[in-house]
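First comes the structure, then the notes that go with it.
Residue numbers (the working numbering): 13 to 457.
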């Protein structure tokens, strides 16, 4: 649509807009430019030479799209158009521009193009930074939802995924702060890529753990299925993570994942000065509890999550625990695959190597992450071929999934994964530097 404009109309447009505004005739000649346009393109209005507009634009590969827009308009290939392009000025600084071009007609009948150019560089930079400090889905929700910045929340049906690196607290004491950040950042980068691919939103990083929600802020009716698929792919991605660690002389990492589904409260939590998109409720706490039962390489899901998945689940084992304040136990399941997707290296049968001597050990039960006061005695009867597992014999009653710490001249952390008549299969979750020497003593090498 075209309309008549007088010189007063042009003057009003130029003085009332902060955006860069140019007027180009049908031959591509720059007729006028406001102060913002002059600054953007380095034009001196007093010496405006009536050149074609693209003559003022440095010819660099980044400017190809912008130049082509002006050429197409002058050749009347378009009448009205809007596009997003890069612009590199003479100093090499790159801008992100939104260019709107509208054809109109002056009082004398001449066809003119009003060009409005908005500099989105800072907005895009802030937007990208915001996405880095939260998830892409949460950033999109806050920036594009009319009520996205308001405090408050709502209840919705979601799945919560919690992951944690096994033995990382002990490992962190062996790495310099710089190396620790490098290892963590590489791990997080790989995991976040998998999470976003499966539609999850990272709520926050909890030390070496990741707190992820499926089903909010973007609704997802298959949140349970997507959370389990994500967990399997995360475990498979650890192979590449550890290959990189090995190539860069960093230790291997092992991750446990727990998932629970149900109603949670999501929304903006905090104050007007500082706010974050959060997720809370009993089902969040249950997800964290489920995760604590895992060892490296394992995925546990709750009964709540299992009931919401119609695809075939490859279940390796099942267990149960009493939720805090619960009236009946909650079943949990170790998952090794969903549908056609399987964990690349599933937990296989343990190959034991019997010790040549009974290795007496002192160990302590853990309460949360704190060492209990009682000193207990036991005997290591065997170690697995890959040295991930041990067979502990003791008169002390231990429960399945009990966390313990063995004193072998250093703190050897483990989790009970099987109970059988006073003999306990334990999985080592963090090994001290003296582990190799202790292993050799067990086998009397």
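Note that the Cβ used here is the ideal one computed from N, Cα and C, for glycine as well.
Here the structure is a predicted model, which is why all the values come from computation and not from measurement.
Whole-Å CB distance - residue i paired with residue j, under 8 Å assumed
i           : j           : result
residue 204 : residue 128 : Contact flag wrong, Cβ pair sits at about 37 Å.
residue 362 : residue 306 : With a Cβ gap of about 17 Å, residue 362 and residue 306 do not count as contacting.
residue 377 : residue 178 : That pair is no contact at about 18 Å.
residue 245 : residue 210 : 7 Å
residue 236 : residue 320 : 4 Å
residue 196 : residue 263 : About 12 Å separates the two Cβ atoms, so there is no contact after all.
Residue nearest to residue i in terms of C-alpha spacing, selected from the options
i           : options            : result
residue 299 : 343, 329, 265      : 343
residue 126 : 289, 31, 379       : 31
residue 399 : 364, 388, 415, 51  : 364
residue 413 : 404, 439, 64, 405  : 439
residue 393 : 408, 454, 421      : 454
residue 248 : 310, 391, 220      : 310
residue 427 : 448, 407, 403, 433 : 403
residue 207 : 347, 261, 242      : 242
residue 217 : 185, 290, 265      : 290
residue 411 : 401, 419, 379, 391 : 379
residue 73  : 53, 98, 86, 49     : 98
residue 192 : 250, 260, 240      : 260
residue 450 : 39, 370, 105       : 370
residue 422 : 415, 446, 175      : 446
Local conformation of residue i per DSSP, three classes
i           : result
residue 434 : coil
residue 258 : helix
residue 363 : coil
residue 251 : helix
residue 349 : strand
residue 449 : helix
residue 37  : strand
residue 72  : coil
residue 425 : strand
residue 32  : strand
residue 87  : coil
residue 458 : This structure does not reach residue 458, given that the chain is present from 13 up to 457, and the question cannot be answered.
residue 323 : coil
residue 199 : helix
residue 370 : strand
residue 160 : The predicted position of residue 160 is uncertain, since its pLDDT is 47 and thus under 50; a value taken from the coordinates is nonetheless stated next. Three-state result, residue 160: coil.
residue 338 : coil
Bridge-paired residues (DSSP) for residue i
i           : result
residue 355 : Bridge partners of residue 355: none, in fact.
residue 115 : 125
residue 387 : None; residue 387 has no bridge partner.
residue 242 : Answer is none; residue 242 lacks a bridge partner.
residue 343 : 332
residue 94  : 112
residue 271 : 173, 313
residue 377 : 416
residue 214 : 224
residue 44  : 35
For the region 76-96 against the region 108-127, do three or more pairs of beta-carbon atoms, one drawn from each stretch, fall closer than 8 Å, so that the two count as touching?
The region 76-96 is in contact with the region 108-127.
Is the region 313-331 in contact with the region 263-282, if contact means three or more CB pairs nearer than 8 Å?
As far as the Cβ criterion goes, the region 313-331 touches the region 263-282, which means the pair count is three or higher.
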